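>
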């Protein structure tokens, strides 16, 4: 009998540098989309978990990457589920307006990595994966949609 690989889920972190404080009127369109987009994520097929600040419905109050940087972190059953939510839902509207609200990043701002099913990554773990991607480029340990790796590749000894 062949042992099957342990179930894995896809974790993602993205960071965005604010052009203005969240309470600035220029940020209102973004802030107004937070609750509906988060509700859509929570209800999306393949959604597992997302980071929220204690006592808050979202993670915008957390600033582990800098006072003007917001983070979004979630876990999904598959890369396809995350892709569908990101590019085939109301989330796309947020992406279309991002230049109005966020500075352009010159280095990676999104990182994907595989976690064992049931694992909830910490912000520290996520920021370390982003740093790895920025320092070494895509690998099975830290990658992007454009440079995706499978959970099997990530679990292999050569997966770094």
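In this note's numbering, the protein residues as written are 1201 to 1360.
From the three backbone atoms N, C-alpha and C, an ideal C-beta is built for every residue, glycine too.
All of these numbers come straight from a predicted model, not from anything done at the bench.
1. Distance check for residue 1291 and residue 1361, CA to CA, integer angstroms please.
2. I'd like to check one pair, residue 1281 with residue 1314: are the Cβ atoms closer than 9 Å?
3. Check whether the Cβ atoms of residue 1217 and residue 1302 lie closer than 9 Å to each other.
4. Could you name the residues of the same chain whose beta carbon sits closer than 6 Å to that of residue 1334, not counting the 5 residues immediately before and after it, in chain order?
5. Please report the Cβ distance between residue 1276 and residue 1209, rounded to the nearest whole angstrom; I am assuming they are in contact, meaning their Cβ atoms lie under 8 Å.
6. Quick one: Cα of residue 1202 to Cα of residue 1340, how far?
7. Looking at the strands, I want to know which residues DSSP matches up with residue 1275.
8. Taking the straight line between their C-alpha atoms, what separation do you get for residue 1249 and residue 1260?
9. Pull the bridge partners of residue 1256 from the DSSP assignment, please.
10. Straight-line CA distance for residue 1312 to residue 1225?
11. Tell me whether residue 1347 sits in a helix, a strand or coil according to DSSP, three-state version.
Let me spell this out:
1. Nothing can be reported for residue 1361: it is not among the residues displayed for the chain, which extend from 1201 to 1360.
2. Judged by beta-carbon spacing, residue 1281 lies beyond the 9 Å limit of residue 1314, meaning their Cβ atoms are not closer than that value.
3. Residue 1302 sits close to residue 1217, with the two beta carbons spaced by under 9 Å.
4. Correct list, in chain order: 1307 and 1308.
5. The Cβ separation is near 6 Å, so the contact holds.
6. Interpretation of residue 1202 is limited by its pLDDT of 49, a score under 50 that renders its predicted location unreliable; the figure taken from the coordinates is listed afterwards. Roughly 24 Å between the two C-alpha positions.
7. Partner residues in the beta bridge of residue 1275, as assigned by DSSP, are 1211 and 1249.
8. Their backbone Cα atoms lie some 16 Å apart in a straight line.
9. Per DSSP, none; premise fails for residue 1256.
10. Distance from the CA atom of residue 1312 to the CA atom of residue 1225, rounded to whole angstroms, is 32 Å.
11. When secondary structure is reduced to three states using DSSP, residue 1347 falls in the helix class.
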